[in-house]
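Some notes on the structure that comes next.
Residue numbers (the working numbering): 4 to 421.
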């Protein structure tokens, strides 16, 4: 391995016909380059899709009421019903594995009227009535002040936490926000905090929301005990998908809904959707490795074929070396080292080019802003290590057949070769 004469011989053999060597190396270079690009593109897609989930707790389900489509216990079909605040303790007492149960109400929205007023400025924003736990289910950064607490709930305080876009719409740039009042549907609320959500998909709607205590919202906007919908999160290790049917059965029983009425309860299972995305990520990684390795193997086959030609051209030389007493293993080792050296050098060039390409793509993305469904394509060090191992192994295989062919040459026959 550290014999200087051997390395000089390897370089001489590879540079004698440099154009053929470059064409041979290009197959391995292209294979490892494609492998890295496919894996980085898959990672970029994965990052982009994950960003759409934001920081929301993925083991969460949202559920709301819809029309009952079947008559049951004397009640007609197509009736409208609502969840109520008594459903929350009922879920806690009867369903195991729950971490958070957050009842929610909402008013207004992006397409609504000017439901929020401050001085001469108005805006159309989504108003939520929530419990403090919602910030653990839909995380947000509190940029000033604080979020809703339990005293706000118990005392039904008229307080509000506003998004940064709400602040920019209703306040001047350097104006103090905390302690001021905004009028929501003609009811005054004191601003106690501002927040910002991480939205990487270019949608700023999440910054145009206002949060108020659930009890206050229900009282001032005449919602009574009704609940618009609930955000339910299961404990770690218990997928919400596994217990959602128990939740539905309990809610149907409490509101006298036919047990087989599948459309009376609407829901969105975030854990189930995230699991599907995870399976998609796995499939993309498999396809990336599969296609990349096949392209790499085609390059390795090219290396093996060229090494066979090299051995054929050096038949007389090998015969002379054998006649002078060089061992078959020494000749075999020479061929294997040439094959491994050519494979690793061309493969490393492919890795470097792949890394430069990924850097260029990330630079363009950073310069032009976020792209929906695609972000930060990258390949970790583990993938590069795997690529190096693949290169070493394939280099051995590429040289194995030519090396065996070289040692099978009988010296006397090799010396007669022209």
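Glycine included, C-beta positions come from ideal geometry on N, C-alpha and C. Only a predicted model underlies this, so the values are computations on that prediction, with no experimental measurement involved.
Residue closest to residue i, alpha-carbon to alpha-carbon, out of the options
| i | options | result |
| --- | --- | --- |
| residue 87 | 255, 364 and 125 | 255 |
| residue 360 | 247, 233, 44 and 27 | 44 |
| residue 223 | 402, 189 and 120 | 189 |
| residue 422 | 191, 187, 196 and 186 | The chain is shown only over 4 to 421; residue 422 falls outside these bounds and no answer can be derived. |
| residue 288 | 301, 348 and 42 | 42 |
| residue 52 | 170, 393, 382 and 377 | 377 |
| residue 72 | 333, 396 and 259 | 259 |
| residue 298 | 25, 40, 24 and 23 | 40 |
| residue 212 | 162, 244, 177 and 130 | 130 |
| residue 48 | 379, 392 and 300 | 379 |
| residue 148 | 240, 193, 157 and 126 | 193 |
| residue 66 | 27, 218 and 243 | 243 |
Rounded C-alpha distance that separates residue i from residue j
| i | j | result |
| --- | --- | --- |
| residue 2 | residue 29 | With the chain running from 4 to 421 in the structure shown, residue 2 is simply not present. |
| residue 352 | residue 366 | 21 Å |
| residue 175 | residue 182 | 15 Å |
| residue 273 | residue 64 | 6 Å |
| residue 2 | residue 277 | In the structure as shown, the chain begins at 4 and stops at 421. Residue 2 is therefore absent and cannot be evaluated. |
| residue 106 | residue 371 | 40 Å |
| residue 368 | residue 356 | 18 Å |
| residue 159 | residue 137 | 17 Å |
| residue 358 | residue 103 | 43 Å |
| residue 21 | residue 310 | 14 Å |
| residue 92 | residue 98 | 10 Å |
| residue 263 | residue 90 | 20 Å |
| residue 229 | residue 69 | 14 Å |
| residue 166 | residue 214 | 9 Å |
| residue 399 | residue 384 | 23 Å |
| residue 83 | residue 268 | 11 Å |
| residue 303 | residue 333 | 23 Å |
| residue 80 | residue 266 | 11 Å |
| residue 336 | residue 46 | 39 Å |
| residue 347 | residue 340 | 10 Å |
| residue 146 | residue 161 | 20 Å |
| residue 208 | residue 95 | 32 Å |
| residue 205 | residue 170 | Note that residue 205 has pLDDT 49, beneath the 50 cutoff, so the model's placement of it is unreliable and the number below is only indicative. Computed Cα separation, rounded: 19 Å. |
| residue 76 | residue 249 | 21 Å |
| residue 253 | residue 245 | 15 Å |
Per-residue DSSP class, three states only, for residue i
| i | result |
| --- | --- |
| residue 204 | Low per-residue confidence applies at residue 204: pLDDT is 48, beneath 50, and the placement is therefore not dependable, though the value from the model is reported in the following sentence. Note: residue 204 maps to coil in three-state DSSP. |
| residue 64 | strand |
| residue 393 | helix |
| residue 100 | coil |
| residue 90 | helix |
| residue 231 | coil |
| residue 78 | strand |
| residue 211 | coil |
| residue 226 | coil |
| residue 281 | helix |
| residue 260 | coil |
| residue 337 | helix |
| residue 187 | strand |
| residue 83 | coil |
| residue 364 | helix |
| residue 240 | coil |
| residue 105 | strand |
| residue 358 | helix |
| residue 265 | coil |
| residue 388 | helix |
| residue 330 | coil |
Unbroken alpha helix (DSSP H) run spanning residue i, endpoints
| i | result |
| --- | --- |
| residue 217 | 217-223 |
| residue 146 | No alpha helix (DSSP H) holds residue 146; the beta strand (DSSP E) holding it covers 144-148. |
| residue 244 | 243-257 |
| residue 139 | 137-140 |
| residue 167 | 167-173 |
| residue 156 | 153-158 |
For residue i, the first and last residue of its enclosing beta strand (DSSP E)
| i | result |
| --- | --- |
| residue 133 | 129-133 |
| residue 180 | Premise fails: residue 180 is in no beta strand (DSSP E) and is neither H nor E. |
| residue 268 | 268-272 |
| residue 192 | 190-199 |
| residue 120 | 119-121 |
| residue 126 | 124-126 |
The ligand MN heavy atom lying under 7 Å from the CB of residue i
| i | result |
| --- | --- |
| residue 69 | The ligand content of the structure shown is nil, which means the ligand MN is not present either. |
Supposed close pair residue i, residue j - CB separation, criterion 8 Å
| i | j | result |
| --- | --- | --- |
| residue 31 | residue 350 | 5 Å |
| residue 286 | residue 38 | Actually they do not touch by this definition, with Cβ atoms about 16 Å apart. |
| residue 168 | residue 210 | 4 Å |
| residue 128 | residue 120 | Rounded, the Cβ-Cβ distance is 11 Å, inconsistent with contact. |
| residue 164 | residue 198 | 6 Å |
| residue 247 | residue 270 | 7 Å |
| residue 35 | residue 354 | 6 Å |
| residue 294 | residue 100 | Not confirmed; about 41 Å, so no contact. |
| residue 217 | residue 50 | That belief does not hold up - the Cβ atoms of residue 217 and residue 50 are roughly 34 Å apart, past 8 Å. |
| residue 221 | residue 132 | 6 Å |
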